[in-house]
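Asks: Sequences listed follow chains R and L, in order.
Numbered according to our numbering, the first sequence terminates at residue 1129, and the numbering increases by one at each position without gaps.
Numbered according to our numbering, the second sequence terminates at residue 295, and the numbering increases by one at each position without gaps.
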Amino acid sequence: MAGAGWSRGERQDAISSFGHSRLALLLRALWWRRGLSAATLLVAVITIGAGSLGPMFARAADESTLRDRLTESASDAALHFTFVRDLQTDGDLAAAATGGPEAGSIKAYPKTLVATVLPVRASLPSQVAIGDQGPISQLVWRTDACAHLVLTRGRCPARPGEALASERTLAGAYYGWQTGTRLSLAGIADASVSAAQLEQPNVGVTIVGAYRQRTANDAFWQGRSYFNARPGAGDGPDTVDALFVDRSELPLLYPSRFEVQVDYPVAAEKIRLADVPALRDDLARLVELRSAPGVADSFSTDVLSVLAAAQAERRLIDLSTLLVSLQLTVLAWLVLFQVIADAVEAKGSEIALAKLRGLPPSATLRFGLAEPMLLVALATPLGLLGGWLSVRLLAASSLLPGTPVTITRATGVAVAAALAGSLVAAAAAGRKTLRRSVLEQWRRTPGHHASPLMLVLDVLLALAAVLGLVLLRRTGQHDSPRAVTLLAPALLVFAVALLGIRLLPLVLRPLLPVTRASGRIGLFLASRQVVRRPAGLRLAALLAVAVGLATFAIAGEGVASSNAATRARIEVGASRVAPVQFEPLHDPVGATHRVDPDGRWAMAAATWLPDGGGAVTGRVLAVDAGRLASVAYSGGSAPEPADAVRALRPAGLPAPLEVHTTRLRVSVDTVRLGAGNRPLVVLNLRAPNRPAFDARAGTLAPGPHVYTAAVDCAAGCTLTGITWDRPIDTFGELSGTVRVSRLEFLAGGRWQELAAGLGTDGNWRAQPSRLGNSEDTLTASSGVLQDDYRSQSGGSAGIAHADSPRPLPVLASPRGLIPDAASQTNLRMSDETGAVVPVSVAGSPPVLPAVLDNGVLIDITGLREQLPAFDNEASWSIWLGPRAPSDAIDRLRAAGLVIEPGASYTSRLDELGRQGPALALRLLVVCAIVGSILAVGGTAIAIASTGRRRTFELASLRAVGIRRRTLLGACILEQLLLLGAAVLLGVPAGYLAARWALPSVPEFADLTPVSLSYRPALTGIALFALVFGLLLAGTAVLAGRALLRAAAPARLREAE
Amino acid sequence: MTARTLQTGLAIYCEHLCHYYELDGEEVTALDNVEFSVAAGESVALLGPSGSGKSTLLNLLAGLLRPSSGQIYLGADDITVMSEPELLNLRGHRVGVVVQNPSRNLLPYGTAEQNISFAQRALRGYRRIDLQAPAELLGALGLSELAGQRVSRMSGGEQQRLAVAVAMAGSPGLLLADEPTSQLDTANRDRVGELLARITSNFGTTVVVVTHDPAVAAAMGRTVTIAEGHADDRNQLREQFAHVEADGAVRLPPDVLVALPPGTQLRVVRKPGGVEFVATRADSPGSHR
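(1) How many Å lie between R/G494 and R/W406 at the Cα?
(2) Can you have a look at L/P140 and say buried or exposed, based on whether 16 or more other CB atoms are within 10 angstroms of its CB?
(3) Taking 8 Å as the threshold (C-beta atoms), are R/V741 and R/V811 in contact?
(4) Who are the neighbours of R/W515 on chain L, taking C-beta pairs under 7 Å?
(5) Check whether the stretch 626-645 of chain R touches the stretch 1068-1081 of chain R, counting contact only when three or more Cβ pairs, one atom from each stretch, lie closer than 8 Å.
(6) To test your reading of the DSSP string, which unbroken alpha helix (DSSP H) runs of 4 or more residues are found completely within the stretch 165-211 of chain R?
(7) Cutting at 6 Å between CB atoms, please list the residues of its own chain near L/G292, excluding the five before and the five after it.
(8) Who are R/C790's beta bridge partners in DSSP?
(9) Are the C-beta atoms of L/L71 and some chain R residue less than 8 Å apart?
(10) The beta strand (DSSP E) with L/R276 in it runs from where to where?
(11) With the cut-off set at 8 Å, would you say L/E21 and L/E48 are in Cβ contact?
(12) Does the pairing of the stretch 319-334 of chain R with the stretch 149-164 of chain R give three or more beta-carbon distances under 8 Å?
(13) In angstroms with no decimal places, state the Cα-to-Cα distance between L/Q166 and R/E423.
(14) Out of L/A171, L/A17, L/V103 and L/G81, point me to the one whose CA is closest to L/L143's CA.
(15) Buried or exposed: which applies to R/D217, given that a residue is buried once 16 or more other Cβ atoms fall within 10 Å of its Cβ?
(16) Is the shortest distance between the beta-carbon of L/H99 and the beta-carbons of chain R less than 8 Å?
(17) Three-state secondary structure (DSSP) at L/F283?
(18) Using a C-beta cutoff of 8 Å, does R/R101 count as contacting chain L?
(19) Spell out whether any CB of chain L is found under 8 Å from the CB atom of R/W105.
(20) Exposed or buried, which one is R/D291 when buried takes at least 16 other CB atoms within 10 Å?
(21) From the beta carbon of R/A425, is the nearest beta carbon of chain L less than 8 Å away?
(22) Could you tell me whether any Cβ in chain L is nearer than 8 Å to the Cβ of R/L96?
(23) By the 10 Å Cβ neighbour count, where 16 or more other Cβ atoms means buried, how is R/I574 classified, buried or exposed?
(24) Compute the Euclidean distance between the alpha carbons of L/E245 and L/A233, then round it to the nearest angstrom.
(25) Which residues in the same chain have their Cβ closer than 7 Å to the Cβ of R/S383, if we skip the five residues on either side of it in sequence?
(26) What does a CB cutoff of less than 7 Å around R/V478 pick up in its chain, not counting 5 residues either side in sequence?
(27) Indicate whether R/L1085 and R/A923 have their beta-carbon atoms separated by less than 8 Å.
(28) Can you tell which of R/P578, R/S808 and R/R611 has its C-alpha closest to the C-alpha of R/R605?
(29) Would a check of beta-carbon distances place R/K428 closer than 8 Å to chain L?
(30) Leaving aside the five residues before and after L/T14 along the sequence, list all residues of the same chain whose C-beta is less than 8 Å from its C-beta, in chain order.
(31) May I have the straight-line CA-CA distance separating R/A748 from R/P775, to the nearest angstrom?
(32) Let me see if you follow: with CB-CB separation under 8 Å, is L/I18 close to chain R or not?
(33) Thinking C-alpha only, which one of R/T453, R/A425 and R/T624 is nearest R/G441?
(34) Check L/L23 in the structure and name its three-state DSSP category.
(35) Beta-carbon of L/N194 versus every beta-carbon of chain R: anything under 8 Å?
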């Protein structure tokens, strides 16, 4: 063999072709084993993708959470500046408006809303003439105010001297204001109100239009109290909603002391996580600046608390996501290890050839691992792309629309770690084959040596898993779930799978004599093969772990979804809760009765905070109890609505005294009158869309008399009581005994008796004292109600129709009342005017709709009757039940309500679904199912690999005459035993893990008093087991056929 | 011809060579005190029935097995005391091996040239350009028609001939072939046999071929018989074996053919425990049993 003296060009060509030859050979090898190469690439892509998925999803979830928290707390997150300035010129106003940071200088606050406010008394000319003053209001100019108001009459002010008043102020001409009315404006003399003062006397505005709020909680107003009408509240003048004026009005008011309000709404959609550190720095500087001595103006924001809450939730997301993606990554690693081991095993004869040709160990190593290493390297960018696409899909379905998915440094680190792990797995997987000698590699059947060391290792691993599980279970309790408990199911399933699969051969061993004696050779071969602990046994354990994790994840997701639904139902209270702006002429209760006469889908409700010092310490939820059962949700340890109705509206109450008339009269026999002035006979009435009102019927005189009052009740009123009212110039004690025998109303020109049940005990009761002291002793008999009354200190006695209970029964959750309230009597709550209503505890459920564990539930009818100021103090809403029509909001608007869609069960459910723990569980489901499918794929590859090694064994069986059909059955049965064992172990293990660990696994970012259930539903698990079982059965059939296909008797012809 | 290109044939000497292995708990003797020698540049056939130990001997010569006792000298080196890396180096530089199964000799997805280049990866301490290029090697062995062809598309005979070429890729001093023709038809068997014989004559490489085929053995310079773990390389046979072909023809050892040339009529005498052949032709040198 002569070697020629090569030229330089020939040498270079040789070197070049040498390199190309190696790469070409490598590529040919990959193509030669293209199935295995594709499988290895796919598994490696999934491994890298799984590693990258966690950090990317966590980042996206963090972005979504930040935006969610900032959006739902937009008012808290805004910056609110209030400057009190003596403005003399517009220049002064401009200067005051720049007291805060420049608009846009902080990225999160790109724009400002400026307003000037001047508290005034607005009076009619007739009031001014007699030295009287009208109600308190605010003269307000605000940027773009008219664009955020609904004009009900007239137009927006466009010139000086024009103003826009609220519709509810004009309604019913209560204050005598109408469109076209000229109001005189005066400064506020009451020291309790703002010190800002109108310097210019005799300034006036003409009402050119009326407005309603567009929505009850419009973020445009930034929580400023422009709409705080309080008619009839207390002894002082009423407060009415703001009067809006044009910017040109302001110079007419100079010089005056204005309150200049500058609000910076937060632009939540513009803020990214990367912006948060700079935002904190800006705010810290701002807070420091504003808190410096001498700076008297006010500045408020709660954005740092909002950011802190978001950060706390983000930590939970980050940890949960890491733990979930880690489990998929480890599972994928293990499958990758097995797949690469199979790939290197498939190359075993070539590795033996390399050793036969004398390649040094390093060259053999490179040759043996070149293919998997190249595939792993190729999988890195593909895996990263796959992970990114997966996160995009997950984000589209689970996070806020428009949430960016970015590749961060953490992603890079995770990918590098996954790559490093994959390379290590590749090297470790190939080690066994690479170390095998040439002759050992050529052996027809692999030697199997059961290793006691592996058994010890398995037992130790299982014990470690159980120990870890116990520790984790202890760290998480119902009231303090920890994200780390997400590892618990993996540990449990791992322990069960590891030991269970080890036990499988032992369980089948006793069957060998039985199957041998049965003569069914297929069954015997299958069970014998499993008893021999085939190479697929470890992968079956892996499959069991994957199935167990998937079962846990499905169970957990089901439990979490169910609990989220329960929580959303109880927190919202109904299918939709729509806030309503209360207006006297448009009573929400009346409106719901008009649009839904049958009470099937709409219910008025109001929440209210009583004045301090009473028995009720939480929020009061007042509901139209008769409709509660049709509209409100139940569950989560909240009382059943029907039970609540029975508690709040005891049976046996008389029906309200409803009249449609213009005149009412009462027959009273005054048996005794005390010394001093005589009380007035005053009929107490209420009507829909109107405040409660009285009608004077005369002055009480000795002996029997009929007292008649003119009443504006043609459209319908309810008679609530009769007051023996103290004349305004009367002091000292008023007392007497009266007998009320008859109540009548005029209808059709004739007097008709009102069935008032005067002689029935319990139909009437003493009126509560509103002012001073009063005492009534009632006696009902023979159709007559006798009242022995006495009043002192400015109070008035009287009788009240008992169509609502007193004390009012309440259902109180644990923090709704003072401690030990249930054992106390004389529980009371009062409003701002001092009116008091007694309450009694009718039940103590753990939670109540909407107010949860910090409130009471009460019937709104009785509360409105007994607390006149309630209507204006409370926050109203309409609860819509599941049977509400799609145009329910429109119908209610048509009935005169200012109403917005508000919160719904669905939107709250979506919010809960975007919380970190829910996202982590959803990710776990996806990862676990991917892991299960990956494990099935890995098992199929392992089976194919086994086929290569068992070719001669199966060929021998065919050569001795075993029928192909019998062998096929044996192969399929063998796979079914292995794969079926994985499912039979994995599913129960996963279910057990769910029962045990779910109470410790966090489901929400915050704790909730709503009672949750942790029992997994079997339906989802059964469906998964069925579908997965079918998948495995199909795999077993295909694998069995593939196994047998390679076992041709011709393989036995080799001479070795 | 460079300093590397021609390596002189390696001489082989085995002394007191024994090899045992365990099967189902019992010790089996594969080789029993074998003394065996091959001169440098000689071609030898190891002839014997299945299970006689000839493949074991070949594996020992290739360094794939370690003997239970005894020494094996290839040239001046006792390979029984070599470490695994040294044995690898031995196979890479000085010993080429061809095994029975063509799939174990070649990379099935590679071309002829790629297989040769693969084998040449083992060579150390030489510039690769000093080696014979694969195409040249194929030409030198008369296998130019295989150039550029993929192994998976070659016939069994072509694969075995290529396997011989690959085994010669590093210009070894010793070529070991284990049943290289057992899976081939007659024509291909002869071609492989001729190729092996040409290697010795053209390149001076020592060739040892394990075979049960006398025709292949006939192509070698000398035959050593092995039976039940014993070998006799002095051409003084204690036992010899004839091979019955599929068509019933009996192949006699070459030296027996001298006494019983083709055309000799043999009487078949059945006896308890065996069969006896008796020559009956009057012109036969004598009857033989």
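Note that beta-carbon positions come from the ideal geometry of N, C-alpha and C, so glycine has one too.
Replies: The answer reads as follows:
(1) Here residue 494 of chain R refers to the residue found at position 421 when the first sequence is read from its first residue. Here residue 406 of chain R refers to the residue found at position 333 when the first sequence is read from its first residue. Looking at the two C-alpha atoms, the distance is approximately 7 Å.
(2) Taking the first residue of the second sequence as position 1, residue 140 of chain L is located at position 134. Result: buried.
(3) Translated into the one-based positions of the first sequence, residue 811 of chain R becomes position 738. Translated into the one-based positions of the first sequence, residue 741 of chain R becomes position 668. In this structure, R/V741 lies closer than 8 Å to R/V811 by Cβ.
(4) Numbered from 1 along the first sequence, position 442 holds the residue referred to as residue 515 of chain R. Here the neighbours are R110.
(5) yes
(6) 198-202
(7) By one-based count along the second sequence, residue 292 of chain L stands at place 286. Caution applies to L/G292, whose pLDDT of 44 falls short of 50 and renders its modelled position unreliable; the model cannot decide the point.
(8) Counted from its first residue, the first sequence places residue 790 of chain R at position 717. R/C790 pairs with R/V732.
(9) Counting from 1 along the second sequence, the entry for residue 71 of chain L is found at position 65. Chain R contact via Cβ: present.
(10) Counting from 1 along the second sequence, the entry for residue 276 of chain L is found at position 270. Run containing L/R276: L272 to K277, per the beta strand (DSSP E) assignment.
(11) Locating residue 21 of chain L in the second sequence gives position 15, counting from the first residue. Locating residue 48 of chain L in the second sequence gives position 42, counting from the first residue. Contact flag unset, no.
(12) yes
(13) Counted from its first residue, the second sequence places residue 166 of chain L at position 160. Counted from its first residue, the first sequence places residue 423 of chain R at position 350. Taking the straight line from one Cα to the other gives about 16 Å.
(14) Here residue 143 of chain L is taken as the residue at index 137 of the second sequence, counted from 1. The shortest C-alpha separation from L/L143 is found at L/A171.
(15) For the purposes of this step, residue 217 of chain R is taken as the residue at position 144 of the first sequence. That one is exposed.
(16) Here residue 99 of chain L corresponds to residue number 93 of the second sequence, with the count starting at 1. True, the Cβ-Cβ gap to chain R drops below 8 Å.
(17) In the second sequence, the residue the question calls residue 283 of chain L occupies position 277. It is a strand residue.
(18) Within the first sequence, residue 101 of chain R is the residue found at index 28, counting from 1. Yes, contact with chain L.
(19) One-based indexing of the first sequence puts residue 105 of chain R at position 32. With 8 Å as the cut-off, R/W105 counts as an interface residue toward chain L.
(20) Here residue 291 of chain R is taken as the residue at index 218 of the first sequence, counted from 1. By the 10 Å Cβ count, R/D291 comes out exposed.
(21) Counting from one through the first sequence, the residue named residue 425 of chain R turns up at place 352. Yes, contact with chain L.
(22) Counting from one through the first sequence, the residue named residue 96 of chain R turns up at place 23. No, its Cβ sits nowhere closer than 8 Å to a Cβ of chain L.
(23) Looking up residue 574 of chain R in the first sequence gives position 501. Counting Cβ neighbours within 10 Å, R/I574 comes out buried, since at least 16 surround it.
(24) Taking the second sequence and counting its residues from 1, the one referred to as residue 245 of chain L is at position 239. Taking the second sequence and counting its residues from 1, the one referred to as residue 233 of chain L is at position 227. Reliability fails at L/E245, whose pLDDT of 46 lies under 50, so the model's placement of it is uncertain and the value that follows must be treated cautiously. Taking the straight line joining both Cα atoms gives about 8 Å.
(25) Counting from one through the first sequence, the residue named residue 383 of chain R turns up at place 310. This sequence places Ala at residue 383 of chain R; Ser is not what is there. Same-chain partners within the cutoff: T138, L139 and R142.
(26) For this step, residue 478 of chain R is matched to residue 405 along the first sequence. Contacts found: M129, A133, W461, V464, R465 and A468.
(27) For the purposes of this step, residue 1085 of chain R is taken as the residue at position 1012 of the first sequence. For the purposes of this step, residue 923 of chain R is taken as the residue at position 850 of the first sequence. No; because the gap between Cβ atoms is not below 8 Å, this pair is not in contact.
(28) The residue labelled residue 605 of chain R in the question sits at position 532 within the first sequence. Taking only the C-alpha atoms, the option nearest R/R605 is R/P578.
(29) As a position in the first sequence, residue 428 of chain R is number 355, starting the count at 1. Cβ-Cβ to chain L under 8 Å: yes for R/K428.
(30) Position 8 of the second sequence holds residue 14 of chain L. Contacts found: A46, G47, G179 and G210.
(31) The residue given as residue 748 of chain R occupies position 675 in the first sequence. The residue given as residue 775 of chain R occupies position 702 in the first sequence. Cα to Cα, R/A748 sits roughly 12 Å from R/P775.
(32) The residue given as residue 18 of chain L occupies position 12 in the second sequence. For L/I18, the answer is no, since every Cβ of chain R falls outside 8 Å of its Cβ.
(33) Here residue 441 of chain R refers to the residue found at position 368 of the first sequence. Out of R/T453, R/A425 and R/T624, R/A425 has the C-alpha closest to the C-alpha of R/G441.
(34) Along the second sequence, one-based indexing puts residue 23 of chain L at 17. If DSSP states are grouped into helix, strand and coil, L/L23 belongs with the strands.
(35) Position 188 of the second sequence, counted from the start, is the residue given in the question as residue 194 of chain L. Answer no: the Cβ-Cβ gap between L/N194 and chain R never drops below 8 Å.
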